[in-house]
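A short write-up of the structure that comes next.
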Amino acid sequence: MKKAIVLALSILLAAFTFAGCSGSTQSPQSSGDSTADKNKPVELSFLTWGNQAHLDLYQKLIDTFTQTHPNIKVKLESVPFPDYQQKVTVLAAGQELPDIGWVSERMVPQFMANGILEDVSDLKQDASFKMDDFIPSTLELFKKDEKLYGIPFSTPPTVMFYNKDLFDKAGLKSPNDLAKEGKWTWEEFEKSAKAITSGTGASKIYGANFFRDWKTWIILSSYSWSNGSGPFSKDMNQFTWNDQYGVETLSMLQRMMFADGSHPKAGEQVSFETGKIGMFFDVYSYVSKARAIKDFKWDIAPMPSGSQGSAPMLGQAGYSIFKGTKHLEETKEFLKFIASEEGVQATSAYFVPPRTSVLNSDLFLNQPDNPDPAHIKQAVIEEMPKAHFQPGHVEWQKIDNTILAGFDQLFGQTAQPADIMKSLEEKINPILKK
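If you want this note's numbering, it's the 1-based position in the sequence shown plus 1.
Next comes the structure, spelled out in structure tokens:
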């Protein structure tokens, strides 16, 4: 892994050293043309929710950027994802926003509505940035009124990470083979989870886990999406999970938790890395943690299929410049650097790249300790056109908290799936229509 990152960063440094000499990285609206302006010391703040592996990679990127932009220092900071949106909101209220930061699909509608994102449409005019290399759909999230308010760096679909050793021990056919045969369905998923489950107490093996942190309920939407339904209408003005497939989603989870015992109960901290989970659902970016697993063999497979085929959730994260930065042009230079083709090559060690040239490259597919490249194509690249974007709304935090309260009723066995969905519909529709 380290060799791959070093190689990618070496390519990146060489490319930008040349660009720095030729002047191709200079923005058409760069701040001032005098040597004094270019050499004036500037410090930028860069906010993420990245884990340590991500932060290490970005620090190397920052160090590379500094070599060609010695007057610009970039301070890297991280806030846990569950707290990130609220943190940015608080910083905006205090007029203390960072210069640039990560933003996710669920945050963008609120941040746009609050007017805290900077228009970066002029990047389209910079031929060296190669804007046409971005997969067009990855830019849609950041567009409003013909303006562009961010640049994507990650477009990960949800995939199923699975413990190959546990599948072999249970004598089960792999999800990849079943998917090739068109037989990897939600019914087969439940059967597999039940077959893998064994033991009791601290030594118990669970067949599956949908939840990263007991808050990632949105991944369960794949069940409804794969059957032609979903939690919300396309225009996000109606809660539509109070239907057959929404109730079936909660019923499936209820069976797995309380009847089959194939899913951990709420509050149990059993991670995939421990080897005690057969199947774990997360966006592909989780591969940054999975690569460190040495105690068992693992792989990835597509999400199970419903009547309409498989339908993963597509997460998206991008870089946005925040309004109020005192160093707009320098921040744009940094944005262009980390979102360039070479920058995306470096970050593809962990993130599904939004640039066509990188997505289909050997550099992305053949990272050390990666899953089988054929399975990356099967579970990631071939599934992306089928994916549904994680929904967003200016009141997403209220919506999210309300739905989590509904799941708490299921976890505590204080209400049945149909009653929970009916109650959620009554509470969420008024929020959506505000």
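Cβ atoms here follow ideal geometry from the backbone N, Cα and C, with glycine treated the same way.
As a beta-bridge residue in DSSP terms, L77 pairs with F47. Under a 10 Å Cβ-count criterion, A267 is classified as exposed, with fewer than 16 other Cβ atoms of the shown protein chains found around its own Cβ.
Between K423 and N243, the C-beta gap is smaller than 7 angstroms, which places the two residues in contact.
In this structure, the straight-line span from the alpha carbon of G151 to that of E334 is close to 14 angstroms.
Counting other Cβ atoms within 10 Å of its Cβ, G393 reaches 16 or more and is therefore classed as buried. Taking every protein chain shown into account, the CB of P418 has 16 or more other CB atoms within 10 angstroms, so this residue is buried. Taking all protein chains shown into account, T275 has fewer than 16 neighbouring C-beta atoms within 10 Å of its C-beta and is therefore exposed. Going by beta carbons, G319 and V89 fall outside the 7 angstroms limit.
Judged by their CB atoms, D169 and T326 are not nearer to each other than the 7 angstroms cut-off. Taking the Cβ atoms as the reference, V109 lies roughly 7 angstroms from F143, within the contact range of under 8 angstroms. Runs of alpha helix (DSSP H) with 4 or more residues, each lying fully within the stretch 99-173, are found at 109-114 and 165-170, listed in chain order. Straight across, the Cα-Cα distance linking V288 with S306 is about 22 angstroms. Rounded to the nearest whole angstrom, the C-alpha separation of P153 and I421 is 36 angstroms.
Within the stretch 240-267, complete beta strand (DSSP E) segments of at least 3 residues are not found at all. Secondary structure at T275: helix, using DSSP grouped into helix, strand and coil.
7 angstroms or more divides the Cβ of P303 from the Cβ of E396. At a Cβ-Cβ threshold of 7 angstroms, S155 and F352 count as neighbours. Scanning its chain for C-beta atoms nearer than 7 angstroms, with the 5 sequence neighbours on each side dropped, one finds around S122 the residues K148 and L149, in chain order. Classified as buried, P355 has 16 or more neighbouring CB atoms from the shown chains inside 10 Å of its CB.
When C-alpha distances from K61 are compared across L77, N238 and F408, the shortest belongs to L77.
Boundaries of the beta strand (DSSP E) around N210: Y207 to N210. K165 places its beta carbon less than 7 angstroms from that of D300. Take L179, set aside five residues on each side of it, and the residues of its chain with a beta-carbon closer than 7 angstroms to its own are W185 and E189, in chain order. In the three-state scheme derived from DSSP, where H, G and I count as helix and E and B as strand, Y287 is classed as helix. If only complete runs of 3 or more residues are kept, the stretch 291-348 shows the beta strand (DSSP E) at 299-302 and 318-322, in order along the chain. Taking one beta carbon from each stretch, the stretch 208-219 and the stretch 191-199 have 3 or more pairs nearer than 8 angstroms; the two touch.
By the Cβ-count criterion, K337 is buried, with 16 or more other Cβ atoms from all chains shown falling within 10 Å of its own Cβ. Taking C-alpha positions only, M253 is separated from M280 by approximately 15 angstroms. The secondary-structure analysis by DSSP pairs T198 with nothing; it has no beta-bridge partner. DSSP, reduced to helix, strand and coil, places T186 within a strand of the structure shown. As the crow flies, the alpha-carbon of K181 is around 27 angstroms from that of T139. The alpha carbon of Q86 has as its nearest neighbour, out of Q53, N177 and M113, the alpha carbon of M113. A312 and E44 have their alpha carbons spaced roughly 43 angstroms apart.
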